[in-house]
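S.K.:
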Amino acid sequence: MSTFEVTQPAASAAGMASTDIRDSTSGTTAAMFLRPAAADRPTPYIEVDEKRLTRNIKAMQQRADAASVAMFPHVKTHKSLHIARQQLAAGARGITASKPSEALIFAEAGIASIILAYPIVHAASLDRLLPAVKARGVELRTIAASQTGVHALSQAASRHGIEIGVFLKVDVGLGRVGLKPDDPAAPELCASIAGTPGLRFAGLLSHAGHAYGAPEPHALAKIADDEAEALFGLAQRLRQRGLAVDCISVGATPTCLGAPLPREVDCIRPGNYVFLDGTALRLGICTADDLALSVVARVVASNDAHFIIDAGSKSMSSDRGAHGMGGAGFGTVVSAEGDGETGLWTLERLSEEHGFVPHSGRPLPLGSRVRVFPNHSCASIANFDNFVLARADGTAANLPVDARNGQT
66 MSTFEVTQPA ASAAGMASTD IRDSTSGTTA AMFLRPAAAD RPTPYIEVDE KRLTRNIKAM
126 QQRADAASVA MFPHVKTHKS LHIARQQLAA GARGITASKP SEALIFAEAG IASIILAYPI
186 VHAASLDRLL PAVKARGVEL RTIAASQTGV HALSQAASRH GIEIGVFLKV DVGLGRVGLK
246 PDDPAAPELC ASIAGTPGLR FAGLLSHAGH AYGAPEPHAL AKIADDEAEA LFGLAQRLRQ
306 RGLAVDCISV GATPTCLGAP LPREVDCIRP GNYVFLDGTA LRLGICTADD LALSVVARVV
366 ASNDAHFIID AGSKSMSSDR GAHGMGGAGF GTVVSAEGDG ETGLWTLERL SEEHGFVPHS
426 GRPLPLGSRV RVFPNHSCAS IANFDNFVLA RADGTAANLP VDARNGQT
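In terms of the working numbering, the sequence shown opens at residue 66 and continues consecutively.
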């Protein structure tokens, strides 16, 4: 994670404390919003800065619009109907979800088009989702990477009397799910999807998750270009066989935000961009002033080396970054008291209910509130039932993490 220099806090226009934090790697200075947490609010809790959230949503949508690509943001990042509706209002055509139970929350809320970017290999996995999809007329597209998956999807579609659009999932470098672009089995599987009852071949879909491990920002453009070139090459081979490829869909915040969107792409599915985090900061695709999500915690103990906060792995998660490709520690810690404290620390290690912050001789008093900007925001908000939406006028709303329990 980048290092920072911190200058003396000053009163903001709204009368709230802010701190200028300089990223010594990029040289960028950002006014890091340090809204004083409500003194009586139990910690730890998630706080989302509405101004930054709105700005992040608008910026990514503008990138998609400028490139004439459809936006299907991945809601696994926030699991929030409120935020999904903001994304749709900004111009998104639909949403992407991780698992059937997560997609169900958004289908029941009336989201008209959903991409389920998860491999289904057992037809019963869709028995709760498909009735809601059918009843509400939702356009559902999902992925397949095996003949087992194709059979399971066909069985589910036939059982519920609907048609499911199915992308071939293509592995462009992460090594998780999908066929390689040059795999001879890829065209055969696409033809199988197109010829199987209840299914419609929707195109090609990939996730360049390995971009989270890019060694430097300029590497992101090459990853994005290589991904698009591989997908376009496969699409051309499929078209030569008479298969229509209606959509080429890619999705990873580092490539969508940190590189030009390739002309071969029809649809993007970034998720993390709404909040961003320490990993995005390390990659150089945002500044500290773009970080919209933080965990507010309290100092509960102190010793010779650390002060201890009440946010551990059950709040922060034990994930250092997406796909485990994070930087040092688990997040950046600043004072949330607005009391002139200029320190900035790293959340070094975690136990279940405790976080260890090396204080370098500058411990905070017991009971002090701190704000932790995590290395992986998606994994942090998934640990909470609710989040606080902090508005620029000083008011706040307590909103549910609607699809938090959509894990199976």
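For glycine and all other residues, C-beta sits at the position ideal for the given N, C-alpha and C. Since the model is a prediction, treat every value here as computed from it, not as a measurement.
(1) From which residue to which residue does the beta strand (DSSP E) around F266 run?
(2) Rounded to whole angstroms, what is the Cα-Cα separation between A345 and C443?
(3) For P43 versus Q152, is the C-beta distance shorter than 8 angstroms?
(4) Can you check which of these residues, I313, S178, T142, is closest to N448 by C-alpha distance?
(5) Determine the DSSP secondary structure at S145, reduced to helix, strand or coil.
(6) Just to confirm, are T318 and G298 a CB contact at a threshold of 8 angstroms?
(7) Starting from the C-beta of V361, find all residues in its chain whose C-beta is less than 7 angstroms away, skip the five residues before and the five after it, and write them out in chain order.
(8) So does the stretch 422-429 actually touch the stretch 370-380, counting three or more Cβ pairs closer than 8 angstroms?
(9) Give me whichever residues DSSP pairs with A209 in a beta bridge.
(10) On a Cα-Cα basis, can you pick out the residue from L326, A189, S380 that is closest to A289?
(11) Can you give me the Cβ contacts of V466 inside the same chain, cut-off strictly under 7 angstroms, excluding the 5 residues immediately before and after it?
(12) Which residue from S416, G403, H441, V399 puts its Cα closest to that of A393?
(13) How would you call R347, buried or exposed, if buried means at least 16 neighbouring beta carbons within 10 angstroms?
(14) At what residues does the beta strand (DSSP E) containing L464 begin and finish?
(15) Can you tell which of L308, G238, A267, C255 has the C-alpha that lies nearest to the C-alpha of E292?
(16) For the beta strand (DSSP E) containing P314, list its first residue and its last residue.
(17) With three or more C-beta pairs closer than 8 angstroms as the rule, is the stretch 266-277 touching the stretch 218-234?
(18) Measure the CB-CB distance between P439 and D342 and report whether it falls below 8 angstroms.
(19) Could you tell me which whole alpha helix (DSSP H) segments of length 4 or greater appear in the stretch 327-353?
(20) Rank I122, L118, E167, E115 by C-alpha distance to the C-alpha of N470 and give the top, closest one.
(21) Within the stretch 413-456, note down every full beta strand (DSSP E) run reaching 3 residues or more, in order along the chain.
(22) May I ask you to list the residues that DSSP assigns as paired with T320?
(23) Taking all protein chains shown into account, do 16 or more other C-beta atoms lie within 10 angstroms of the C-beta of Q472, making it buried, or fewer, making it exposed?
(24) Is the stretch 214-231 in contact with the stretch 251-268, if contact means three or more CB pairs nearer than 8 angstroms?
(25) Which two residues bound the contiguous beta strand (DSSP E) that contains I258?
(26) Out of F340, D355, F266, point me to the one whose CA is closest to A210's CA.
(27) Roughly how many whole angstroms lie between the Cα atoms of R363 and R117?
(28) Short of 7 angstroms in beta carbon distance, which residues of its chain neighbour L195, apart from the five on each side in sequence? Order them along the chain.
(29) Where does D130 land, buried or exposed, given buried means 16+ other C-beta within 10 angstroms?
(30) Using a threshold of 8 angstroms, state whether the C-beta atoms of Q126 and A104 are closer than that.
(31) Roughly how far, in whole angstroms, is the beta-carbon of L415 from the beta-carbon of S383, given that I think they are within contact range, below 8 angstroms?
(32) Sorted by chain position, which residues of the same chain lie with C-beta nearer than 7 angstroms to A172's C-beta, five sequence neighbours on each side aside?
(33) Please list the segments of the beta strand (DSSP E) lying wholly inside the stretch 162-207, counting only runs of 3 or more residues, in order along the chain.
(34) Please state whether DSSP places A366 in a helix, a strand or coil.
(35) Based on Cα-Cα distance, which residue from F395, A366, T119 lies nearest to G432?
M.R.: Put simply:
(1) Working through the sequence shown from its first residue, we reach residue 266 at position 201. Counting along the chain, the beta strand (DSSP E) containing F266 begins and ends at 264-271.
(2) Residue mapping note: residue 345 aligns to position 280 of the sequence shown, counting from 1. Residue mapping note: residue 443 aligns to position 378 of the sequence shown, counting from 1. Looking at the two C-alpha atoms, the distance is approximately 12 angstroms.
(3) As displayed, the chain neither begins before 66 nor continues past 473, which places residue 43 out of reach and without an answer.
(4) As a first step, residue 448 is located in the sequence shown; it is residue number 383 there, counting from the start. N448 has its Cα closest to that of T142, out of I313, S178, T142.
(5) Here residue 145 refers to the residue found at position 80 of the sequence shown. It is coil, neither helix nor strand.
(6) Position 253 of the sequence shown, counting from 1, holds the residue named residue 318. Position 233 of the sequence shown, counting from 1, holds the residue named residue 298. No, they are not a contact pair.
(7) Residue 361 sits at position 296 when you count from the first residue of the sequence shown. Residues of the same chain with a CB within less than 7 angstroms of the CB of V361, apart from the 5 flanking positions on each side, are A102, T108, P109, Y110, E112, A401, R434, R436 in chain order.
(8) yes
(9) For the purposes of this step, residue 209 is taken as residue 144 along the sequence shown, with counting starting at 1. The partner list for A209 (beta bridge, DSSP) reads L233.
(10) Within the sequence shown, the letter at position 224 stands for residue 289. Closest by alpha carbon: L326.
(11) Translated into the one-based positions of the sequence shown, residue 466 becomes position 401. Once the five neighbours on either side are set aside, the close Cβ partners of V466 are K144, S145, I446, F449, D450, N451, F452.
(12) Residue 393 sits at position 328 when you count from the first residue of the sequence shown. It is H441 whose Cα lies nearest to the Cα of A393.
(13) Position 282 of the sequence shown, counted from the start, is the residue given in the question as residue 347. With 16 or more Cβ atoms within 10 Å of its Cβ, R347 is classed as buried.
(14) In the sequence shown, the residue the question calls residue 464 occupies position 399. Where L464 is concerned, the enclosing beta strand (DSSP E) stretches over 461-465.
(15) Within the sequence shown, numbered from 1, the residue matching residue 292 stands at position 227. The option with the nearest alpha carbon to E292 is G238.
(16) Your numbering for residue 314 matches position 249 in the sequence shown. Note on identity: in this sequence residue 314 is Ser, with Pro being the wrong assignment. S314 -> beta strand (DSSP E) spans 313-315.
(17) yes
(18) On the sequence shown, residue 439 is found 374 positions in, with the first residue counted as 1. On the sequence shown, residue 342 is found 277 positions in, with the first residue counted as 1. Their beta carbons are under 8 angstroms apart, which means P439 touches D342 by this criterion.
(19) 343-348
(20) Numbered from 1 along the sequence shown, position 405 holds the residue referred to as residue 470. Closest option to N470, Cα to Cα, is E167.
(21) 420-423, 434-439, 451-455
(22) Taking the first residue of the sequence shown as position 1, residue 320 is located at position 255. DSSP, once it has assigned bridges, lists no residue as partnering T320.
(23) In the sequence shown, residue 472 corresponds to position 407, counting from 1. In this prediction, Q472 scores a pLDDT of 48, lower than 50, which makes its location untrustworthy; the coordinate-derived value is nonetheless stated afterwards. Exposed, because fewer than 16 other Cβ atoms sit within 10 Å of the Cβ of Q472.
(24) yes
(25) The residue given as residue 258 occupies position 193 in the sequence shown. No beta strand (DSSP E) contains I258, which is instead part of the alpha helix (DSSP H) from 250-259.
(26) Taking the first residue of the sequence shown as position 1, residue 210 is located at position 145. Residue F266 is the option with its Cα nearest to A210.
(27) As a working note, residue 363 is residue 298 in the sequence shown. As a working note, residue 117 is residue 52 in the sequence shown. Spanning the two alpha carbons is a distance of roughly 24 angstroms.
(28) In the sequence shown, the residue the question calls residue 195 occupies position 130. So the list reads A221, H225, I227, once near-sequence residues are dropped.
(29) Locating residue 130 in the sequence shown gives position 65, where the first residue counts as 1. D130 should be labelled exposed.
(30) Here residue 126 is taken as the residue at index 61 of the sequence shown, counted from 1. Here residue 104 is taken as the residue at index 39 of the sequence shown, counted from 1. At least 8 angstroms separates the beta-carbon of Q126 from that of A104.
(31) As a position in the sequence shown, residue 415 is number 350, starting the count at 1. As a position in the sequence shown, residue 383 is number 318, starting the count at 1. Going by Cβ atoms, the distance from L415 to S383 rounds to 6 angstroms, so yes, they are a contact pair.
(32) Taking the first residue of the sequence shown as 1, we reach residue 172 at position 107. Only I179, L194, A197, V198, R201, V203 meet the Cβ criterion.
(33) 178-184
(34) Sequence index remark: in the sequence shown, residue 366 carries index 301 (1-based). It is a strand residue.
(35) The sequence position of residue 432 within the sequence shown is 367, counting from 1. The shortest Cα separation from G432 among F395, A366, T119 belongs to A366.
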